[in-house]
Structure formats: structure tokens, C-alpha cells
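Chains E and U supply the protein sequences, listed in that same order.
In terms of the numbering used here, the first sequence opens at residue 1 and continues consecutively.
In terms of the numbering used here, the second sequence opens at residue 1001 and continues consecutively.
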Amino acid sequence: MRYAMAMDTKKCVGCSDCVVACQTENNVPHGYCRDWIVENVDGTYPELHLEIRSERCNHCGDAPCVRTCPTGASHIIEGGIVKVTHDECIGCGACIQACPYEARYFHPEGYVDKCTFCDHRVAKGQDTACVSVCPTRCLTFGDLDDPNSPVSKLLKSRKWKVNAPEAGTKPQVYFLI
Amino acid sequence: MKEELFVSGRNIPNIDPVLHIWHWQIPLYLFLGGLAAGLIFFATYFFITGKTDKYNVAVKISPIIAPIAIIIGLLALLLDLKHTQFFWQLYTTIRFESPMSWGAWTLGIVTPLSIIWPLLYLDDIIDYFDGKCKIITKFLKWVDKIIIGKCHIIKWIIKIARKYQKIMAWILLLLSIILGVYTGILLSAFNARPLWNTSILGPLFLVSGVSTGVAVIMWMARDHFEKISFSKIDLMLVAIELFFIIHMFMGYLASSEVQQEAAALFLGGEFTAVFWGFFVGIGLVLPALLELMELFGYKIPIAVPAFLILLGGLVFRFIMVEAGQLTRYLY
């Protein structure tokens, strides 16, 4: 099993519904978030190009946060989801420094917190909170090891990119372009 | 082509807009850890080579600074932790991939050994401070009388340590190098911070740390021979450090865009003045010049170059930790 997400930059309107859904579902403290919207404008008027991305933890195949964690609090569970065990985390911040995507933060209670790919929902066969609310259906979550899963099919039929591939982290959130 | 980036929906404290999760505690620890590494290195090295009498202060007296530095450093590290009540989790696993795990275990062994070493020379240390500083002498005499005199376990530990001092010296020598290198590797292991992600940082921090240790030894040394010897060692270390710094910048400039931008912070960017002025200028070149003048017979109080080296070492670590957090991958 290899969970991954495909994010269609051609469909996203940047409404931030995914951000709010995540905050509500996961009880994210006020002022914090586990996913966010990036709007990238390039070119010179009138030749402008806009790309909107909904970003989150990339649940990397080669996760530097897990490698640098001194206690093993950051770990990888079934399906490649990167998680943090709260009472093993000492709050040293090494994983936050190690993440090229700045996907981790200190929870006000002290431990490090991040996107869990809603593993509590996925275990029940549901989609992640962000995927389930997206009004333009630009987010697709699924198993890359299953060639017939919607996410596998999308990645086969569309052009895609990942964020900072040169960091060598093998990110598992794919942006369809 | 112009490019603009908006990030909405996130404004996380200490992470947005720029990462700033490590504050003064980390550079202070890196400084004190390097300092202790330098002190322990020379104490054990000259003990092993049988030059205890020649380098009296380095072997017997100055190592008392090491446990003090380490303990203050450890307190700083503890203050840095955000989930402090779980700090003991560091000692429930050994994670070979994590530099911080290496550091935690190294410190776990170095700290008690560095306390035992000066206890072996407590009489010499009391003699050193006697008549110079009343409070320290009184405190050391109290330690000698109450803690060592009345506590049988400590007496027994000192007896064992004396018997196997050569083995202890070898272990400490090795661990002091790991401790010194670790202060740099802690940073260089982060691929996501391009400024830190250079393998020269380990050796550079080791040399810089050892050089601050040398500064303390030459400051504390009483006889001319020992002062001059360590002054010469320090000159050599400064030369190596300058070479490593040039090497580091050559590496950045020949590397990817993110590392070129990291180097730009020091080559015209916001850290230019403080790095070249306060660290390289006042903290390396100036004390080296003063030491050279001393060697050529000019009378210069050794405290001046020693203090400048220590200040430079501290400033260097603050700059590296601050600047490193500003650098990141672009996408």
C-alpha cells in the first residue's frame, strides 16, 4: 500500500475549503493549519499565468523528518503515512528544520503536529477531510500500488510535478499540470 | 519574467513568513559544547602523551571549565525543548540516522566523565585559585570536604578513575572529537536548510570549538611557556578555520541555486557585516595578529586575543543558526 494524493492545479480555485475542513476535522488550534493554499503568479502583464496549489505534508518516500527525529516519535505507518507520536516527541524541532515544505509546526501543547492524511478516516474507508469537501473535486486520494485506483489512473493520464524534487525526499503529493 | 507567490491560509507562529524555531539556546549550546570539546581534547591528549607537567594548566586546571560549560549548555538545550517533560525519551532509543540522538548519547557519557576528570586534580585546582579568588577556593574546599570526604561512592569512583585514568583519557579524547564535530553535524544534516547542508560544517565547528578551548587554556595558563605554546596552537587553528571558511563559500558558489542564495546572505546580504566584521575580522584575524605580535616580542595581555576568540566563536554560531533558518528550497 502506498497512499498518495493528486492535486489538480487546473481545477483548483483557491477557496480554502480544504484548509477549513482540515482544521475542523482535526481540531487544529487557532492560527495553525496542516494544509494551505499557494497562489503562484508568473509572467508580465498581459501575459500572466496563475497556478493555485493546495499544499500539505508530502508524506515523503524518503522522509528527512523521520530520519532526523532523535526519539523515533516521527515514524511511518502502513501506507507510507508520516505520523508523530505525541508522548514520544520532545519538541526539539529537528523535524521542522528537516522539512523542505514547512509542513510541521509546534502544537501549543509542545509536541510537533502535522497532516496525518486523515488516517483515522482512511481506516474507515473514507476520504481525507480535505478531499471530501473540495467543491471542484481537484483533490484525489488513494493507493498508488493499486493500478486501478483513481489516483494511479490520473498520474498515468496527466502531466504532473512534485514540489522540490531536488531535495531528494520523494514526495507523494502530486500536482497535475 | 516576474513571479509572485501568495500563501494564504497559513500564518503559523515562528514558521511563517520565515522559519525561526531555534533561538539563542541552540547557538549558545553549540558554543559551550565546542568549548568543552576543546578543553577535554587537550587535557586528555597531553595526559596520554605524558606531558602533564609541561602543560600543567591544560591537563589539570582548565578541564574544570568543561563540565560547567556542558551543564550550562545542557540547561540551554532543555530550555529549547517545547515538550520538555518528555526529554527522557532521548534515552529510550538509539537512532543511528539522527545526529541529535548521537549527540544526546555522547553528552550522556561525556558529562559524568568530564565531572570526574577535574575531581582527580581537585588539590591542584584549589592551589590554583588559592589567594586569587576567595569564593571559588571556599567552594572547592567545601566540595573536597563535604562531597568527596563524606560520600563513599564518590571516593570509590575517584579511586577507580585514578586506576584506569589512561583508559578514561582515551575514551574522553575520542568523545571530545565526536562532541566537537557533532555541533556542526547537527546543522549540516538538514538538507532542507541549504546554508547548513555542507559537510565542511562538521570540521569547521570542530576546529572553531577547539580554538575556543585553546583560548580558555591560554587565558588560564600561568607560565610563559604554556601561554606561548597554546598561542601557537591557536594560530594554527585560525589558519585552518580561515581555509575551511573559504572552502565552504567555494562549495556554496559552485552548488545549486539555493546554496548560492545562502552564500549571498554573507556576500552582500544582511549577514555580510556581522560575519566578516565581527567573526572573521574581530574574532579570527585580529586575535591572530595580536598573537603573532606577542610571538615577535611585543607585550600584549593574553586575555585580549583569548576574549576575542571566544567572542568570535559565539558570534559565529549565532550567525549560522540565524541565517540557516532563512534559507530554504524554492518551488
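Glycine included, C-beta positions come from ideal geometry on N, C-alpha and C.
What you are looking at is a predicted structure, and each value in this text was computed from that prediction instead of being measured.
For T44 (chain E), the closest of U:E1003, U:G1297 and U:V1321 by C-alpha to C-alpha distance is U:E1003.
DSSP lists no bridge partner for K1134 (chain U). When rounded, the separation of the alpha-carbon atoms in G1268 (chain U) and W1196 (chain U) is 19 Å.
Within the region 70–130 of chain E, complete alpha helix (DSSP H) segments of at least 4 residues are found at 94–98 and 119–122, given in chain order. Residues of the region 86–108 of chain E that bring their beta carbon within less than 7 Å of a beta carbon in chain U comprise D87, E88, C89, I90, G91, C92, G93, A94, I96, Q97, A98, C99, P100, E102, Y105 and F106, in sequence order. Proximity of the region 140–152 of chain E to the region 1166–1179 of chain U falls short of the contact definition, fewer than three beta-carbon pairs being nearer than 8 Å.
If you check the CB distance, A1069 (chain U) and I1116 (chain U) do not come in under 8 Å. Taking the beta carbon of W36 (chain E) as reference, the chain U residues within 8 Å of it are V1007, S1008, G1009 and R1010, listed in sequence order.
For the alpha helix (DSSP H) assignment, the uninterrupted runs of no fewer than 4 residues enclosed by the region 1212–1264 of chain U are, from N- to C-terminal side, 1224–1253 and 1257–1264. Rounded to whole angstroms, the separation of the alpha carbons of I1109 (chain U) and I1146 (chain U) is 25 Å. Under the three-state reduction of DSSP, W1024 (chain U) is assigned to coil, being neither helix nor strand.
Listed in chain order, the non-local C-beta contacts of T1084 (chain U) below 7 Å within the same chain comprise L1078, local neighbours out to five positions each way being set aside. Taking the beta carbon of A164 (chain E) as reference, the chain U residues within 7 Å of it are Y1329 and Y1331, listed in sequence order.
If only uninterrupted alpha helix (DSSP H) runs of at least 4 residues are considered, those enclosed by the region 1027–1099 of chain U are 1065–1080. Shown here for L1314 (chain U): same chain residues with a beta carbon closer than 6 Å to its own, the five before and five after excluded, namely F1031 in chain order. Close to N27 (chain E), with beta-carbon spacing below 7 Å, lies no residue of chain U; the smallest spacing is near 16 Å.
M7 (chain E) places its beta carbon 8 Å or farther from that of V151 (chain E). Put simply, of E:V131, E:E102, E:T68 and E:G72 the residue whose alpha carbon is nearest the alpha carbon of Y32 (chain E) is E:E102. Under the Cβ distance rule, G72 (chain E) counts among the residues neighbouring chain U, one pair being separated by less than 8 Å. DSSP, read as helix, strand or coil, puts D145 (chain E) in coil.
One finds P70, T71, G72, A73, D87, E88, C89 and I90 in chain E with Cβ atoms closer than 9 Å to the Cβ of Q1089 (chain U), taken in chain order. Relative to I1309 (chain U), the option among U:L1237, U:L1330, U:M1248 and U:F1266 whose CA is nearest is U:L1237. Within its own chain, the residues whose Cβ lies closer than 8 Å to the Cβ of F106 (chain E), once the five positions on either side in sequence are excluded, are G91, G93, I96, V112 and D113, listed in chain order.
Taking the beta carbon of V19 (chain E) as reference, the chain U residues within 7 Å of it are G1009, listed in sequence order. Residue contact check for R1095 (chain U) against chain E: a CB pair falls below 8 Å. From the listed residues U:L1242, U:Y1298, U:A1262 and U:Q1165, the smallest Cα separation to G1283 (chain U) is found for U:L1242.
Two segments are said to touch when three or more pairs of C-beta atoms, one from each, lie closer than 8 Å; by this definition the region 1033–1040 of chain U touches the region 1179–1186 of chain U. Taking 8 Å as the threshold, the shortest C-beta distance from H1020 (chain U) to chain E does not fall below it. Pairwise C-beta distances place the region 1184–1195 of chain U out of contact with the region 1211–1218 of chain U, as fewer than three of them are shorter than 8 Å. One alpha carbon belongs to M1250 (chain U), the other to G168 (chain E), and they sit about 23 Å apart. For N163 (chain E), the number of other beta carbons within 10 angstroms of its own is at least 16, and it is reported as buried.
DSSP, reduced to helix, strand and coil, places S16 (chain E) outside both helices and strands of the structure shown, so it counts as coil. Rounded to the nearest angstrom, the gap between the Cα atoms of V84 (chain E) and I37 (chain E) is 23 Å.
If you look at R1162 (chain U), you'll find it in the alpha helix (DSSP H) that goes H1152 to K1163.
Residues of the region 38–68 of chain E with a C-beta atom less than 7 Å from some C-beta of chain U are V38, E39, N40, V41, D42, G43, T44, P64, R67 and T68, listed in chain order. Between P1017 (chain U) and chain E, the shortest Cβ-Cβ separation is not below 8 Å.
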